[in-house]
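This report refers to the structure that appears directly beneath it.
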Amino acid sequence: MTSTSSTTSTSTTSTVHPEQTQALNVFPDFFEYLPIGVQVYGLEGTLLAFNRAYQETWGITREAWIGRYNAYTDEQSIKNGVPEVFDRVAQGETITAPPLSYDSRRAEVGVVEGRHAWVQPVFFPIRDRSGTVQAIGVVTRDVTAEIEQREALEKARFEIAAQREVLEATQQELEQARTLEAARREIAAQRETIMALSTPVVQMWEKILVMPLVGVIDSHRALTIMETLLEAISRHHAENVILDITGVPMVDTQVANYLLSTVRACQLLGCEVALVGISAEIAQTIVHLGVDLDRIVTRANLQAGISWAFMRQNLVVVRRDAS
Numbered sequence: 004m005t006s007t008s009s010t011t012s013t014s015t016t017s018t019v020h021p022e023q024t025q026a027l028n029v030f031p032d033f034f035e036y037l038p039i040g041v042q043v044y045g046l047e048g049t050l051l052a053f054n055r056a057y058q059e060t061w062g063i064t065r066e067a068w069i070g071r072y073n074a075y076t077d078e079q080s081i082k083n084g085v086p087e088v089f090d091r092v093a094q095g096e097t098i099t100a101p102p103l104s105y106d107s108r109r110a111e112v113g114v115v116e117g118r119h120a121w122v123q124p125v126f127f128p129i130r131d132r133s134g135t136v137q138a139i140g141v142v143t144r145d146v147t148a149e150i151e152q153r154e155a156l157e158k159a160r161f162e163i164a165a166q167r168e169v170l171e172a173t174q175q176e177l178e179q180a181r182t183l184e185a186a187r188r189e190i191a192a193q194r195e196t197i198m199a200l201s202t203p204v205v206q207m208w209e210k211i212l213v214m215p216l217v218g219v220i221d222s223h224r225a226l227t228i229m230e231t232l233l234e235a236i237s238r239h240h241a242e243n244v245i246l247d248i249t250g251v252p253m254v255d256t257q258v259a260n261y262l263l264s265t266v267r268a269c270q271l272l273g274c275e276v277a278l279v280g281i282s283a284e285i286a287q288t289i290v291h292l293g294v295d296l297d298r299i300v301t302r303a304n305l306q307a308g309i310s311w312a313f314m315r316q317n318l319v320v321v322r323r324d325a326s
């Protein structure tokens with residue numbers, strides 16, 4: 004084990020000095036009932052004696068251990084560096100070692116008994132009257148509860164640190180999610196602004212609206228154009244709409260169908276639509292595609308479209324000279 008115990012027994016291979024034996028005989032109960040584990044080893048490492056506190060620490064019996072256990076050959080003691088400590092103590096040193104872990108159930112004594120424990124050992128030489136080292140004494144304090152408490156505390160600290168890392172990671176993810184959501188909202192707002200700017204409806208006169216279109220028209224934008232225009236017709240009680248496609252670079256079958264659908268929807272609300280700004284290239288494309296615009300009012304440009312709307316409203320533009 005790491006160091007260990009005592010009673011008043013002796014060994015055939017190593018004996019306690021007569022003066023020590025006499026002292027033990029005078030105070031037998033003193034050694035036996037010390038509240039801390041005490042052991043006596045021969046210089047060759049054989050366990051010679053241990054007291055009750057040591058016995059209770061390891062849950063062992065004297066019959067199984069005294070004279071049978073050797074610190075120089077026990078695998079756990081070798082791993083704990085006990086033989087090297089014994090060599091130094093045999094030279095007269097007293098050594099306080101750090102806590103050692105030992106499992107008496109794994110000791111090489113041929114029996115299965117005992118328990119695992121942590122002990123804080125102090126190794127010291129036992130001398131005769133002449134000062135010669137005759138044996139090795141070891142005092143061991145059971146620190147199992149302290150070590151387990153320390154390990155539990157370290158485990159708790161580790162778990163807390165791990166939980167803190169998880170929490171911080173979660174907070175970062177939440178912050179990133181909030182940032183992403185804010186960016187999405189901003190993009191959505193910008194998209195709405197762009198769509199509003201790309202589908203403006205201007206009230207030219209009472210019951211007359213103008214929607215100038217610029218850029219490519221796709222399915223999403225076509226739906227926005229229709230929704231915006233129909234909402235404006237209802238809001239302004241419009242009867243005439245001028246749809247200016249001067250700024251539309253290309254009209255294919257799909258775009259033409261979008262425009263026709265918008266015109267029909269406006270007509271269902273009782274509003275007539277004039278399509279203006281058809282360029283020569285777009286006119287050729289419409290004819291080539293066979294798109295039927297017979298039921299659609301068309302005008303060359305915005306000015307002609309405004310004139311058409313004014314006529315439908317019985318309005319006349321009169322030039323006045325400045326007086």
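Residue numbering for the sequence shown follows our numbering, starting at 4 and increasing by one per position.
Beta carbons: idealized from backbone N, C-alpha and C, even for Gly.
Using alpha carbons as the reference points, say which of 110, 125, 314 and 187 lies closest to residue 242.
Minimum Cα distance to residue 242 is reached at 314.
Would you list, in sequence order, the uninterrupted beta strand (DSSP E) runs of no fewer than 3 residues that lie entirely inside the region 133-185?
If we require 3 residues or more, the beta strand (DSSP E) runs fully inside the region 133-185 come out as 136-145.
Comparing alpha-carbon positions, which option in 289, 262 and 85 lies nearest residue 216?
Considering only alpha carbons, the answer is 262.
Could you give the distance in angstroms between the alpha-carbon of residue 246 and the alpha-carbon of residue 295?
In a straight line, the C-alpha of residue 246 is about 17 Å away from that of residue 295.
Please report the residue range of the beta strand (DSSP E) in which residue 215 lies.
That run of the beta strand (DSSP E) goes 211-217.
In angstroms with no decimal places, state the Cα-to-Cα distance between residue 79 and residue 105.
The straight-line gap from Cα to Cα measures roughly 7 Å.
Span of the alpha helix (DSSP H) holding residue 86?
Residues 85-93.
Report the residue ranges of all alpha helix (DSSP H) runs contained in full by the region 216-266; include only those spanning at least 4 residues, in chain order.
Entirely contained in the region 216-266, the alpha helix (DSSP H) runs reaching 4 residues are, in chain order, 222-239.
Beta-carbon separation of residue 122 and residue 143 under 9 Å?
A contact, by the Cβ cut-off of 9 Å.
Which same chain residues, not among the five before or five after residue 92, have their C-beta less than 7 Å away from its C-beta?
Result list for residue 92: 98, 126, 127, 128 and 139, in chain order.
As a quick exercise: from 184, 55 and 51, pick the residue whose alpha carbon is nearest that of residue 36.
Of the listed residues, the one whose Cα sits closest to residue 36 is 55.
Ignoring anything shorter than 4 residues, give me the alpha helix (DSSP H) runs that lie fully in the region 265-313, in order along the chain.
Whole alpha helix (DSSP H) segments, 4+ residues: 283-292.
When you compare the CB positions of residue 251 and residue 244, do they come within less than 9 Å of one another, or not?
Cβ atoms of residue 251 and residue 244: not closer than 9 Å.
Is it buried or exposed, residue 253, if we count other Cβ atoms within 10 angstroms and call 16 or more buried?
The residue in question, residue 253, is exposed, as its Cβ has fewer than 16 Cβ neighbours within 10 Å.
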